[in-house]
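Chains as they are written, first to last, in UniProt numbering: chain A, 1 to 131; chain B, 1 to 131; chain C, 1 to 131; chain D, 1 to 131. Data block below; observations after.
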């Protein structure tokens, strides 16, 4: 049911310890989040994505190396009044290497303020989860 | 009492929205953590830092731009049996722009296992906090 | 004849101007170079790649954006006594967006010195180009 | 005479080989270029910097590590009709670790075309070099 997207590990993603650096997992989450948002909202451009990042948390479970084949999945786990939660899982084969979540805030760029989440979004998420 | 370190915003730290990208804050935290660890442990090389990252959480409070002067602070907030917590605050002047915390696991690289935190570390933290 | 590899543009590859940052093209070239080297040399691990980077040059022809589909190609254009040249082309459809070249130095990590390129490498390149 | 700026090596600048990754030198050059441009042009914002990057070349002379103290210098070496050249040197103490140059094209963002370099820029460069 969740949105799936493959993630390619670049050599530049490694750090001096020889495995993927912790900060790069936020880039992996961002890749998953943006591609999921474009599909979920049915929009073509990032400028039409109406939410911003409020909080993030990550659990680092296994080190990841150059050449590893990763598969990411992302889903909406909660929709509140003005914010909602996305959850992320990154796997190497059947092994979960990282998990995380983000609090996302519905945002009006014109007024630079958070605004209530429209019902249309709740319907898009529900339709997606049924698909 | 907490460890202080200035953080310079590079143009490369920005993303397509024109402000510092979310993943870069983990790099700022890493910079704070490593410089703090070298001072706290009294060691000269990163290879002598005996803990690894288990979990991280970040709250994004204000956008940060190229040219902003940032000041980071980091401290140890909890020491458990095999893991401890560092907390991070990044300020622009008197304004807090980001807060976060990391769970760090004491680790034996030879056996690739977590091990109990030695008492010497508790004393180093206590001495540091009194300084 | 040249080695081909697709390149995915991440949102993090963009900078404050909204297009792929100049430094990221070196990461794209590195991705092409390493995957080409593994195939050309018939080795499984980066640690077996016996050359280091001496010089690089890049021509930036067109801006690249999130969502663009890129195709990279790389080839060996010259083999000297201790160094050789790889050339890189990145295209979006039929349009060349970036070109570059790297001088690579055959290197003995044990003695930390450049060494003559073995004849086996000339044969591997010749076989590859005939393929 | 040249513009001087210190460069701090972040742990994230290292790659799996334990030294600063090649792409990061372009970020170091960018840092030097932008801070130099703001001073040379006497402007406060990057949006007022009226040139874009056409070509870049880098010579990698020595590996650089976490904790190294670097000093960068940058200067204008040539001013043509529509483009000019900046040259970069990065040192660790008295040792040059990297050198490079960039071809920069005077650019009108409104018309998206290269335009002739104004005489005022030649005077700014001449004044700077006399300073």
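All residues carry an ideal CB built from backbone N, CA and C; glycine is no exception.
Check the Cβ of residue 98 of chain C against every Cβ in chain A and list those closer than 9 Å, keeping chain order.
None at all; the shortest Cβ gap to chain A is about 16 Å.
Please classify residue 93 of chain A as buried or exposed, where buried requires at least 16 neighbouring CB atoms within 10 angstroms.
The residue in question, residue 93 of chain A, is exposed, as its Cβ has fewer than 16 Cβ neighbours within 10 Å.
DSSP state of residue 89 of chain C, grouped into three classes?
Three-state result, residue 89 of chain C: strand.
Just checking my contact of residue 55 of chain A with residue 8 of chain A at CB under 8 Å: how many whole Å lie between their CB atoms?
The Cβ separation is near 27 Å, so there is no contact.
How long is the line joining the alpha carbons of residue 16 of chain B and residue 66 of chain C, rounded to whole angstroms?
Residue 16 of chain B and residue 66 of chain C: Cα-Cα distance of roughly 9 Å.
Taking only three categories from DSSP, how would you classify residue 124 of chain B?
The answer is helix: DSSP assigns residue 124 of chain B an H, G or I state.
Using CA atoms only, rank isn't needed, just tell me which of B/44, B/12, B/26 and B/11 is closest to residue 99 of chain B.
Among B/44, B/12, B/26 and B/11, the Cα nearest to that of residue 99 of chain B is on B/26.
What residues in its chain sit with their C-beta under 6 Å from that of residue 91 of chain A, if we drop five residues either side in the sequence?
Around residue 91 of chain A: 71.
Output needed for residue 69 of chain D: all residues of its chain with C-beta closer than 7 Å, excluding positions within five of it in sequence on either side, in chain order.
Hits under 7 Å: 92.
For residue 12 of chain B, go through chain D and note every residue whose CB falls closer than 7 Å to its CB, in chain order.
Chain D residues near residue 12 of chain B: 27 and 30.
Report buried or exposed for residue 76 of chain B, applying the criterion of at least 16 other Cβ atoms within 10 angstroms of its Cβ.
It is buried - the Cβ of residue 76 of chain B has at least 16 other Cβ atoms within 10 Å.
How about residue 117 of chain D and residue 62 of chain D: do their beta carbons lie closer than 8 Å?
Going by C-beta atoms, residue 117 of chain D is not nearer than 8 Å to residue 62 of chain D.
Relative to the C-alpha of residue 34 of chain A, which candidate in A/19, A/114, A/95 and A/4 has its C-alpha closest?
Checked all of A/19, A/114, A/95 and A/4; the closest Cα to residue 34 of chain A is A/4.
The alpha helix (DSSP H) spanning residue 32 of chain A covers which residue range?
Here the alpha helix (DSSP H) through residue 32 of chain A covers 22–41.
Rounded to whole angstroms, what is the Cα-Cα separation between residue 2 of chain B and residue 59 of chain B?
Rounded to the nearest angstrom, the two C-alpha atoms are 19 Å apart.
Leaving out five residues before and five after residue 6 of chain A in sequence, what residues of the same chain have Cβ atoms less than 8 Å from its Cβ?
These residues qualify, in order along the chain: 69, 70, 71 and 72.
Let's see if you can read the secondary structure: which residues bound the beta strand (DSSP E) around residue 6 of chain C?
First-last of the beta strand (DSSP E) with residue 6 of chain C: 3–8.
Starting from residue 64 of chain A, follow the beta strand (DSSP E) in both directions and report where the run begins and ends.
First-last for residue 64 of chain A: undefined, no H or E at that position.
Could you tell me if the beta carbon of residue 93 of chain D falls within a distance shorter than 7 Å of some heavy atom in the ligand FMN?
Of the ligands one can find in the structure shown there are none, so the ligand FMN has no counterpart to examine.
Cβ closer than 8 Å: which chain A residues qualify as neighbours of residue 70 of chain C?
Those do not exist, as residue 70 of chain C stays about 13 Å from chain A at its closest Cβ, beyond 8 Å.
Give the range of the beta strand (DSSP E) segment to which residue 117 of chain C is assigned.
First-last for residue 117 of chain C: undefined, no H or E at that position.
Mind listing the chain A neighbours of residue 39 of chain C? Cutoff is C-beta to C-beta under 9 Å, in chain order.
Those do not exist, as residue 39 of chain C stays about 13 Å from chain A at its closest Cβ, beyond 9 Å.
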